[in-house]
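Protein chains in written order, with my numbering: chain L, 7 to 107; chain Z, -17 to 469; chain Y, 370 to 846. Cβ coordinates follow ideal geometry from the N, Cα and C atoms, glycine included.
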Amino acid sequence: MAETLSKQEAKHVAELAKIRFTDAELDVIVGQLGNILTLVDTLNEVDTTDVVPTYSVTENVNMFRDDVADNWNQKTDLLNNAPQQQDDMIKVPAILDGGDN
Amino acid sequence: MDNFLNLDIKTVHESLVNGQTTVVELTQKALEFIHSRDEELNAFISIDDEGALKRAEELDAAGIQEDNLLYGIPMAHKDNIVTKGLKTTSASHILENFVPVYNATVVEKLNEAGVVVIGKTNLDEFAMGGSTETSFFGQTKNAWDATKVPGGSSGGSAASVASGEVLFALGSDTGGSIRQPAAYNGIVGLKPTYGRVSRWGLMAFSSSLDQIGPLTRTVRDNALVLNAIAGYDDHDATSSQKEVPDFTAKLGQDIKGLRVAVPKEYFSEGVNEEVAEAVRAGITKLEELGAIVDEVSIPHTKYGIAAYYILASSEASSNLQRYDGVRYGLSERSGDTLEDMYVNTKTEGFGPEVKRRIMLGTFALSAGFYDAYFKKAAQVRTKLIQDFENIFKDHDVIVGPTAPTVAFGLGEEDDDPKTMYMNDMLTIPVNLVGLPGLSINAGFNSENMPIGMQIIGNKFDEQTVYQVAYAFERATKLYEKIPGGDK
Amino acid sequence: MGNFLTTIGLEIHVEMKTNSKLLSPSPVNFGDSPNANTNVIDWGYPGVLPRVNKGAIEFGMKAALALNAEITRDIRWDRKNYIYPDNPKSYQTTQQATPLGQHGYVEFEMEDGTTKRVGIRELHVEEDAGKNTHGGDGYSYVDLNRQGTPLLEIVTEPDIESPEVASAFLEKLRQIIQFTGISDVKMQEGSLRVDANISLRPAGSDEFGTRVEMKNLNSFSYLRTALAYEQKRQSQEIIAGNQIQQQTRRYDEPTKSTILMRTKEQADDYRYFPEPDLPPMHIDQTWVDEVAATLPESADSRLKRYVGEFELGAKEAGVLVQTLEMANFYDATVAAGADAKKAANYLIGDVNSYLNDTQKDLQDTLLTPENLAGMINLIEDGTISSKQAKKVFEAITEGKEPKAYVEENGLVQESRVEVLQPVIASIVDANEQSVADFKAGKDRAVGFLVGQIMKQTHGNANPNVVNQILLDELNSR
């Protein structure tokens, strides 16, 4: 487990999160995250061999909805909250790359 | 009546039933008091004068419902609980002007019960913090001492109830965000069992940990509010289908023979001496009331924070990605490209604490680190769950301090986030395990600041938690002491 | 490809035609006005939570069964994180760690008769994204109607050795999925989408070459052309001594080539983790059995039945199982009492021509199996002639009931000897030359006389009866 986070890694993470930091801010973040990660490293003291991870404590299983369509008719309210809209569509600065999926 | 100090829901309800007051009068007085008191306190982000009064008139016109205790009662929602048509911000610049188009399930349920929503209370931005200092809308003050923090993240809800602005408020608790501010303000705050209350309409911080719960002046009020908001919801697949009992049913039953576990880790170094003393005295009181007290160990307590930080931040980094300037909320479009819009919106919209947690969570989930951080933390969570299962094999409740200290001074929080996070050490395990946990006032320190005692129950056993809390409350009557007064 | 072996794997997305979306009750419906079928869940509003559509899971199970895959019994949902305007939550809900089905396969025949088998590594259910329109005005426009439509992602093993096999596999896969009834699987409408990866290695080498991924393969011909182009490009690179770069390329139809989209260094980091808002699913055998019982008969099974029971030729049977609609129509026509062979002939002939001429799908026409069977039976029992049948067919494409139509329009075939005898006799009388030709052994004369008789009877005479009377008449002279 990495004990700290390098500035380079922090830059990469900021790119993934789409947040911009100044160089000085990034230094602070690296320091703070480094402290937290040092704390997180104490987890290695716990032997978790063969321990099943817990991602949720819900006891529910198979919580389904029947395949019945129900239109809540929220289109107008939703479009009115959009920063920009035109012709019933959400307007955003041009997408230039090929996209995903 | 000028405010709700020294009142409870039942008393106010009776004065409505016997015609001593009306919902409109109650609402007007509450609004008047809030407008003056909140100048200093800043418990509210939005005060809905017009909506509240209109609602009050409708409720008066419809007639007071005698058997409905919440009818006409003024209350407030934490501002991360969505209210249709009423601005909901999560105390963030990114949602500064966001008006939801639907109601949270808890809002619907309380509306059906006939409450008057007075407004929306302040919090740490996106519920990330323990001081309400990270709010975009300014710092909320402690109801007992305006130079102190109210705790957080439900600081606004706690301060508004403790100061008598409203009779009750809802908060949300991901790692102690109801219980710690309740402790700092000397009131009752409950985080219900995970799944007890629907999360539909709660702006997600950490989906596997978040729960909505009530903050009230008394234990009975708390149970009454939980009665109204608990239960399975089709909209929330993690909400429990277990039957919802009457949470007031065990109030007044004695606690003779009830087995109380006191974890030694909850009195370790770092827990302030005055706090430890008051809580130990509280435990002695429970013993006097007939409870059987055992010292126990929860060995993985100290790993809770590290596990919490990874799990909560990881989930948060995913949950908060949707604030991207495309569909709602802040959209910073001064740049040329889509990427500029994303980066500018998030960079300007989120405060430093939120950014820090997004960074941590994004890192913990990123390629090559997932197993070492996220999976490891989830495995430690399992170990902690096993610890608690062991305790509850032969105990009814676990009791200890809610927080290691009383409310600290504004701006005095240690800059080192690590120390900050230590403040959550006693509350976090309850969220990781999914248990119900309640904070109740156990006394005051030498500076007259309230000290919180935490009562943790087994899964879905809020009834016993309330039973113990109520017995303690009746025996100590600490709620009679109110901020600004020396009764 | 010369001295290189090609390895191809496909990743196929199938849009499932459930009534409602995967995680919200909004309707799944194409062609509605933008954002008409969206709600707060589809928009990823703060505070919303998902709820899984049971129908989508059952559709996925049907596909898993049809692809011979093992159904995973304990499934959790995962979040795939990426920010994009058509992805409102900024994560896609998918089944990364525990796909619904695994270890399946598809068997199919190539044109030369050889049998191929391609492994299905896994298939899983996930949600589709919305749709972006690029405005050309410096803006893009987002419609979230498609957002949340249940998708089935099918990933093959790298078992495919050529563009032709890839194309044949995809045809077979399309047929299999279509016959489960879970999707229209139309590439041109986007309900079937294909990405491919392809690598080359020197013949004799066991080690796979570097993979290149390809997107935008929106038709069978694009798929073949792009893969063939890539085969050629990569072999030329290798021969020139260059390393193949791991990258994603896009097929460009105008130039019939592939264009670089991004290299591995620019690869995304999706930060998958378990979805905390959705409890796990458990699929027990009872549920699998229930779903299996609702699975329509497969194309392969129908083909066998048509050849075996109905004694159709393999080629004819193959035409009938090209689409689920055709096969269902055929089965229903036979069930309505039509002769199996005649029904096949009509569907493959007249019905298919009609569909081609009108550019319609069978389900969009007014044709019904009952009416087609009715028409075939009218021919069978001699009520109408095959010539009259042309008119009746036209009528049934307009939704008319054949028997009623025949009666209303007097299209009854004339078979009565007492009516036909005098007509034929008078025509024979009037054509002495033809009688002479017949006697001289010229068969053409018969054809000419029949033509005259049919003309006289406005085509209503029963040709068999006419033939018989005519021959008797001629022989008696």
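Q) So, does the CB of Gln361/Z fall closer than 8 Å to a CB anywhere in chain Y? A) Residue mapping note: residue 361/Z aligns to position 379 of the second sequence, counting from 1. Closer than 8 Å: no.
Q.
Quick check: is the beta carbon of Gly183/Z nearer than 8 Å to any beta carbon in chain Y?
A. By one-based count along the second sequence, residue 183/Z stands at place 201. Judged by the 8 Å Cβ criterion, Gly183/Z is in contact with chain Y.
Q) So with Cβ pairs under 8 Å, would you call Gln303/Z a contact of chain Y? A) The residue labelled residue 303/Z in the question sits at position 321 within the second sequence. Chain Y contact via Cβ: present.
Q. Where does Arg178/Z sit, in a helix, a strand or coil, going by DSSP?
A. Here the question's residue 178/Z lines up with position 196 in the second sequence. Coil.
Q: Figure out for me which residue from Arg486/Y, Val494/Y and Tyr453/Y has the closest Cα to the Cα of Ala466/Y.
A: Taking the third sequence and counting its residues from 1, the one referred to as residue 466/Y is at position 97. Of the candidates Arg486/Y, Val494/Y and Tyr453/Y, the one whose C-alpha sits nearest the C-alpha of Ala466/Y is Val494/Y.
Q. Does the pairing of the segment 131 to 147 of chain Z with the segment 52 to 71 of chain Z give three or more beta-carbon distances under 8 Å?
A. yes
Q.
Let's see if you can read the secondary structure: which residues bound the beta strand (DSSP E) around Val563/Y?
A. Locating residue 563/Y in the third sequence gives position 194, where the first residue counts as 1. Note, Val563/Y: beta strand (DSSP E), Leu561 to Pro571.
Q | Length of the line joining the Cα atoms of Thr407/Y and Gly400/Y | A | The residue labelled residue 407/Y in the question sits at position 38 within the third sequence. The residue labelled residue 400/Y in the question sits at position 31 within the third sequence. Approximately 13 Å, taken between the alpha carbons.
Q.
Strictly under 8 Å for the Cβ-Cβ distance: is Gly400/Y near chain L by that measure?
A. Sequence index remark: in the third sequence, residue 400/Y carries index 31 (1-based). No, its Cβ sits nowhere closer than 8 Å to a Cβ of chain L.
Q: Figure out for me which residue from Thr826/Y, Ile717/Y and Lys458/Y has the closest Cα to the Cα of Ile410/Y.
A: What you label residue 410/Y is simply residue 41 of the third sequence in a count that begins at 1. Taking only the C-alpha atoms, the option nearest Ile410/Y is Lys458/Y.
(Q) Check this for me: beta carbons of Ala425/Y and Gly470/Y, under 8 Å apart or not? (A) One-based indexing of the third sequence puts residue 425/Y at position 56. One-based indexing of the third sequence puts residue 470/Y at position 101. No, they are not a contact pair.
**Q.** Rounded straight-line distance, which links the Cα of Glu694/Y to that of Gln732/Y
**A.** Here residue 732/Y corresponds to residue number 363 of the third sequence, with the count starting at 1. Here residue 694/Y corresponds to residue number 325 of the third sequence, with the count starting at 1. About 7 Å.
**Q.** Any C-beta of chain Y under 8 Å from that of Val290/Z
**A.** Counted from its first residue, the second sequence places residue 290/Z at position 308. According to the sequence as given, residue 290/Z is Tyr; it is not Val. Not closer than 8 Å to any Cβ of chain Y, the Cβ of Tyr290/Z fails to qualify, so no.
Q) Over what stretch of residues does the alpha helix (DSSP H) that includes Met430/Y continue unbroken? A) Residue mapping note: residue 430/Y aligns to position 61 of the third sequence, counting from 1. Residues Lys423 to Ala435.
Q) Any residues in the segment 41 to 70 of chain L with a beta carbon nearer than 7 Å to a beta carbon of chain Y? Which ones, in chain order? A) Tyr61, Ser62, Thr64, Asn66, Val67, Asn68, Met69 and Phe70
Q | Reduced DSSP secondary structure (H/G/I, E/B, other) of His18/L | A | Here residue 18/L refers to the residue found at position 12 of the first sequence. Helix at His18/L.
Q.
Taking the beta carbon of His282/Z as the centre, do at least 16 other beta carbons fall within 10 Å, making it buried, or is it exposed?
A. The residue labelled residue 282/Z in the question sits at position 300 within the second sequence. Under this definition His282/Z is a buried residue.
**Q.** Chain-ordered chain Y contacts of Leu347/Z [CB-CB under 7 Å]
**A.** The residue labelled residue 347/Z in the question sits at position 365 within the second sequence. Neighbours of Leu347/Z on chain Y, chain order: Arg640 and Phe642.
Q | Residue from Ala794/Y, Leu839/Y, Leu843/Y and Gln544/Y whose Cα sits closest to the Cα of Ala809/Y | A | As a working note, residue 809/Y is residue 440 in the third sequence. Considering only alpha carbons, the answer is Leu843/Y.
Q. How many angstroms separate the CA atom of Glu739/Y from the CA atom of Val781/Y?
A. Position 370 of the third sequence, counting from 1, holds the residue named residue 739/Y. Position 412 of the third sequence, counting from 1, holds the residue named residue 781/Y. The straight-line gap from Cα to Cα measures roughly 20 Å.
Q) Lys749/Y: buried (16+ other C-beta within 10 angstroms of its C-beta) or exposed? A) Residue numbering aside, residue 749/Y sits at position 380 when the third sequence is read from its first letter. The amino acid occupying residue 749/Y in the given sequence is Glu; Lys does not appear at that position. Exposed.
Q: If I'm right that Leu460/Z touches Asn430/Z with Cβ under 8 Å, what's the distance once you round it to whole angstroms?
A: Translated into the one-based positions of the second sequence, residue 460/Z becomes position 478. Translated into the one-based positions of the second sequence, residue 430/Z becomes position 448. No, Leu460/Z and Asn430/Z are not in contact; Cβ-Cβ is about 12 Å, not under 8 Å.
(Q) Residues in the same chain with beta-carbon distance under 6 Å from Asn107/L, minus the five sequence neighbours each way, listed in chain order, please. (A) If you number the first sequence from 1, residue 107/L lands on position 101. Reliability fails at Asn107/L, whose pLDDT of 39 lies under 50, so the model's placement of it is uncertain and no value is given.
Q) Is DSSP giving Asp841/Y helix, strand or coil here? A) For the purposes of this step, residue 841/Y is taken as residue 472 along the third sequence, with counting starting at 1. It is helical.
(Q) Just to confirm before moving on: does the CB-CB distance between Ala58/Z and Ala151/Z stay below 8 Å? (A) Translated into the one-based positions of the second sequence, residue 58/Z becomes position 76. Translated into the one-based positions of the second sequence, residue 151/Z becomes position 169. In contact: Ala58/Z and Ala151/Z (Cβ atoms closer than 8 Å).
Q) Using DSSP with H/G/I as helix, E/B as strand and the rest coil, what is Met95/L? A) Stepping through the first sequence from its first residue, residue 95/L is reached at position 89. Correct three-state label for Met95/L: strand.
Q. Comparing alpha-carbon positions, which option in Ser722/Y, Pro665/Y, Pro415/Y and Asn404/Y lies nearest Trp78/L?
A. Walking along the first sequence from the start, residue 78/L turns up at place 72. Trp78/L has its Cα closest to that of Asn404/Y, out of Ser722/Y, Pro665/Y, Pro415/Y and Asn404/Y.
Q. Chain L beta carbons: is any one of them nearer than 8 Å to that of Trp412/Y?
A. Position 43 of the third sequence, counted from the start, is the residue given in the question as residue 412/Y. Taking Cβ atoms only, chain L reaches closer than 8 Å to Trp412/Y, which makes this a yes.
**Q.** Residues near Ser299/Z in its chain [Cβ-Cβ closer than 6 Å; skip 5 each side]
**A.** Residue mapping note: residue 299/Z aligns to position 317 of the second sequence, counting from 1. Here the set comprises Ile340, Gly343 and Thr344.
Q. Exposed or buried, which one is Asp468/Z when buried takes at least 16 other CB atoms within 10 Å?
A. Working through the second sequence from its first residue, we reach residue 468/Z at position 486. Note that Asp468/Z scores a pLDDT of 43, beneath 50, so its modelled location is shaky and nothing firm can be said.
Q) Alpha carbon to alpha carbon, what distance is there between Arg490/Y and Met370/Y? A) What you label residue 370/Y is simply residue 1 of the third sequence in a count that begins at 1. What you label residue 490/Y is simply residue 121 of the third sequence in a count that begins at 1. Here the model assigns Met370/Y a pLDDT of 46, short of 50, so the residue's position is not dependable, and the following value carries that caveat. Met370/Y and Arg490/Y: Cα-Cα distance of roughly 26 Å.
Q: Give me the Cα-Cα distance between Gly466/Z and Asp20/Z, rounded to the nearest whole angstrom.
A: Your numbering for residue 466/Z matches position 484 in the second sequence. Your numbering for residue 20/Z matches position 38 in the second sequence. Going from the Cα of Gly466/Z to the Cα of Asp20/Z covers about 15 Å.
Q) Can you give the Cα-Cα distance for Leu716/Y and Met744/Y, rounded to whole angstroms? A) For this step, residue 716/Y is matched to residue 347 along the third sequence. For this step, residue 744/Y is matched to residue 375 along the third sequence. So the alpha carbons of these two residues sit roughly 12 Å apart.
Q) Which residues does DSSP pair with Phe426/Z in a beta bridge? A) Here residue 426/Z refers to the residue found at position 444 of the second sequence. DSSP output for Phe426/Z lists Pro432/Z as bridge partner(s).
Q | Residues that Arg420/Y contacts on chain L, provided the C-beta gap is smaller than 9 Å | A | By one-based count along the third sequence, residue 420/Y stands at place 51. Ordered by position in chain L, the residues that pass the 9 Å Cβ test against Arg420/Y are Met69, Phe70 and Arg71.
Q. Who are the neighbours of Ala405/Y on chain C, taking C-beta pairs under 7 Å?
A. Protein chains L, Z and Y are contained in the structure displayed, whereas chain C is not.
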